[in-house]
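S.K.: In our numbering, the protein residues as written are 29 to 424.
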Amino acid sequence: MDKNNADPSSPTVDRVTLDSVYSLDTTLVSVQMKVFTSNNAGYVFYAGGSAMIDNSADPYGAIIYGYTETEVLLWRPGIATSNGYLVYVGGQWGGGNNNQQDTSVEVTVKVAELTGSPCTGTNQCSADWTTLKTTCTPTDCPDPPDLANAYKINKGVSNGSAAMYSCMPGYYQSSYDVIITCIDGSWTSSTMFCEEICASPPSIPNADLMVLNNIAIYSCQGGYIPQSGSSLINCSQSVWQTTTFSCLASCGPAPNITSADVLVNDNVAIYACHYGFSATSSDNEIKCTSGTWSPTTFQCADSTNNGGSSINNQTLNGWIARIKKELIISRKRTNAYLRSLISVHDPRPSAIAIGSSGVFIFSFVFLLIMIPDIINVVRYLHKEMSDNFVNRKSDD
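#1: Kindly indicate the opening and closing residues of the beta strand (DSSP E) around Gly94.
#2: Starting from the C-beta of Thr270, find all residues in its chain whose C-beta is less than 8 angstroms away, skip the five residues before and the five after it, and write them out in chain order.
#3: Using DSSP with H/G/I as helix, E/B as strand and the rest coil, what is Asn363?
#4: If Ser214 sits next to Gly251, beta carbons under 8 angstroms apart, how far is it from one beta carbon to the other, in whole angstroms?
#5: Could you tell me whether the Cβ atoms of Gly198 and Ile225 are closer together than 8 angstroms?
#6: By DSSP's criteria, Gly76 is part of a beta bridge. Which residues make up the other side?
#7: In chain order, which continuous runs of the alpha helix (DSSP H) of length 4 or greater are located wholly inside the stretch 90-144?
#8: Let's test the definition: count the other Cβ atoms within 10 Å of the Cβ of Tyr74 and tell me whether it reaches 16, buried, or not, exposed.
#9: What are the start and end residues of each continuous beta strand (DSSP E) run of 3 or more residues lying completely inside the stretch 168-245, in chain order?
#10: What residues match up with Leu52 in a beta bridge as DSSP calls it?
#11: Helix, strand or coil: which one does DSSP assign to Asn293?
#12: One question on the structure: do Ala300 and Asp311 come within less than 8 angstroms of each other, judged by their Cβ atoms?
#13: Please list, in chain order, all residues of the same chain as Tyr95 whose beta carbon is under 6 angstroms from its beta carbon, the five residues on each side excluded.
#14: Determine the DSSP secondary structure at Ser66, reduced to helix, strand or coil.
#15: On the CB-based measure, 16 or more other CB atoms within 10 Å of its CB, does Gly280 come out buried or exposed?
#16: Between Gly89 and Tyr113, how many whole angstroms is the CB-CB distance? I'm expecting something under 8 angstroms.
#17: Below 8 angstroms between beta carbons: does that hold for Ser258 and Ser247?
#18: Of all the options Ser287, Pro283, Ser110, Phe305, which has the alpha carbon lying nearest to the alpha carbon of Val296?
#19: Assuming Val185 contacts Asp212 (C-beta within less than 8 angstroms), just tell me the rounded distance between them.
#20: For Cys494, collect the residues of the same chain with a Cβ closer than 7 angstroms to its Cβ; drop the 5 residues on either side in sequence, then sort them by chain order.
#21: Should Asp130 go down as buried or exposed, given a rule of 16 or more other Cβ atoms within 10 Å for buried?
#22: Rounded to whole angstroms, what is the Cα-Cα separation between Met192 and Val137?
#23: Looking at the structure shown, is Thr162 part of a helix, part of a strand, or coil, going by DSSP?
#24: Can you tell me whether DSSP reads Pro254 as helix, strand or coil?
#25: Can the beta-carbon of Ile92 be found less than 8 angstroms from the beta-carbon of Ser78?
#26: Just how far apart, CA to CA, sit Ala108 and Gly123?
#27: In whole angstroms, give me the CA-to-CA distance for Cys13 and Ile298.
#28: At which residues does the beta strand (DSSP E) containing Cys316 begin and terminate?
#29: When the distance is taken between beta carbons, is Asn83 closer than 8 angstroms to Asn127?
#30: In whole angstroms, what is the alpha-carbon distance linking Ala190 and Thr317?
#31: Measuring straight from C-alpha to C-alpha, what distance separates Ala307 and Phe326?
#32: Do you know offhand how far Asp236's Cα is from Pro254's?
#33: Would you tell me roughly how many angstroms separate the C-alpha atoms of Ser331 and Glu313, rounded to the nearest one?
#34: Which residues share a DSSP beta bridge with Asn262?
#35: State the DSSP-derived secondary structure class of Phe326, mapped to helix, strand or coil.
#36: Helix, strand or coil for Phe273 per DSSP?
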């Protein structure tokens, strides 16, 4: 409300029509004014029911209001009145502190029902201006509408209730707009629809298929193991995703070859002879195909009495390089290396004792292993010295 911007010929009484018919016995009406300038910017002042001044020439300020069951009247100073304001704080009231003289304010009319709305929570109140009575209109909604090829879930039809849709198997939802709400007797709308999937998901040999709405999940049948690729695909815009998922027949453990170790990696097995045995052929690799291991002539023969292996060094070196490549582990991935990153000195006597005991035990075991070799070396040196001594005597 701006007093200075009003039409000079307009009346100084403003009318505010209420949104319903209220009982004067149970209704409280208040008028508030919010100022935006000067010392009290942002403060809210209440309008008054009456006002008095000592002298007609003294400055004053007020909005006087009164109300009935249907409207509120606002009286304000006319624009021709030079000493009249909408909000005035000065003179003895202001005392020179936070004084205010405003002709432009924001006016808010509030209506409070002291005993609540005459309508129940599921009804909306509206005023009948002919009979000056309040009409209560039900706000309950009918049953939520059906959606083709979709399930519907809702808990009640009262104002504020919600309903949710979910597409039936074989159909996919076009969007995530799956919830509608009851507002004042009407359901909101949803843009979602359920469209039939174009076809069944692609079949994969030796795999079972489970379809849930627009998701397909594969799992290998008994006797088969999964290979590369995702076992889950989605249907988008009636088109199924592709996948390289496959199921390979399981061959079980690799065949046993006497005096040989076997290393199995996925569907490949590699054999290597024990120490003291030599390979009879270079055919030391077999593969698992369609549930069966490929045959091999590889055998391990005892080489302790026949002068060694019949396999040439080039072939043997190739086997060793291949096995090392399969078995090698980065030093930085070992537990010992990881522990070394966090190892610290432990000054406790118990820790020192344990460490000393470990060194002693290690040294003792080392000596037990090396004693036979040391004895043989000493015997050899003693024999050599004796032979040399005998030869020198013979020469003399």
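Glycine included, each C-beta is placed from N, C-alpha and C at the ideal position.
M.R.: Reading it off the structure:
#1: Element bounds for Gly94: 92-95.
#2: Residues of the same chain with a CB within less than 8 angstroms of the CB of Thr270, apart from the 5 flanking positions on each side, are Pro230, Ile261 in chain order.
#3: With a pLDDT of 46 at Asn363, under the threshold of 50, the modelled position of that residue is not reliable, and no figure is offered here.
#4: 59 angstroms between Cβ atoms; not a contact.
#5: It is a contact, given that the beta carbons lie within the stated cut-off.
#6: Answer is Ile92.
#7: Counting whole runs of 4 or more residues, the stretch 90-144 contains the alpha helix (DSSP H) stretches 119-122.
#8: Its Cβ having fewer than 16 others within 10 Å, Tyr74 is exposed.
#9: Listed in chain order, the complete beta strand (DSSP E) runs (minimum 3 residues) inside the stretch 168-245 are 178-182, 190-195, 199-201, 207-211, 222-224, 235-240.
#10: Within the DSSP bridge table, the entry for Leu52 names no partner.
#11: When DSSP states are grouped into helix, strand and coil, Asn293 belongs to the strand group.
#12: Not closer than 8 angstroms, so no.
#13: Taken in chain order, the residues that qualify are Val57.
#14: Looking at Ser66 - three-state DSSP - the assignment turns out to be helix.
#15: It is exposed - the Cβ of Gly280 has fewer than 16 other Cβ atoms within 10 Å.
#16: Contact holds; Cβ gap of about 3 angstroms.
#17: Not closer than 8 angstroms, so no.
#18: Distances from the alpha-carbon of Val296 to those of Ser287, Pro283, Ser110, Phe305 put Pro283 closest.
#19: Not quite, the Cβ-Cβ distance comes to about 12 angstroms (not below 8 angstroms), so this is no contact.
#20: Residue 494 is absent from the structure shown; the chain starts at 29 and stops at 424.
#21: Asp130 is classed as buried because its beta carbon has at least 16 other beta carbons within 10 Å across all chains shown.
#22: Going by the C-alpha atoms only, they are around 40 angstroms apart.
#23: In the structure shown, Thr162 sits in a strand (DSSP, three-state: E or B).
#24: Correct three-state label for Pro254: strand.
#25: It is a contact, given that the beta carbons lie within the stated cut-off.
#26: Approximately 27 angstroms, taken between the alpha carbons.
#27: The structure shown has nothing for residue 13, since the chain only spans 29 to 424.
#28: Unbroken beta strand (DSSP E) run through Cys316: 313-317.
#29: Contact flag unset, no.
#30: Between Ala190 and Thr317, the alpha-carbon positions lie close to 57 angstroms from each other.
#31: Spanning the two alpha carbons is a distance of roughly 7 angstroms.
#32: In a straight line, the C-alpha of Asp236 is about 12 angstroms away from that of Pro254.
#33: Their Cα atoms are separated by approximately 21 angstroms.
#34: According to DSSP, Asn262 bridges with Ile243.
#35: Here Phe326 sits in coil by DSSP.
#36: Residue state, collapsed to three classes: coil.
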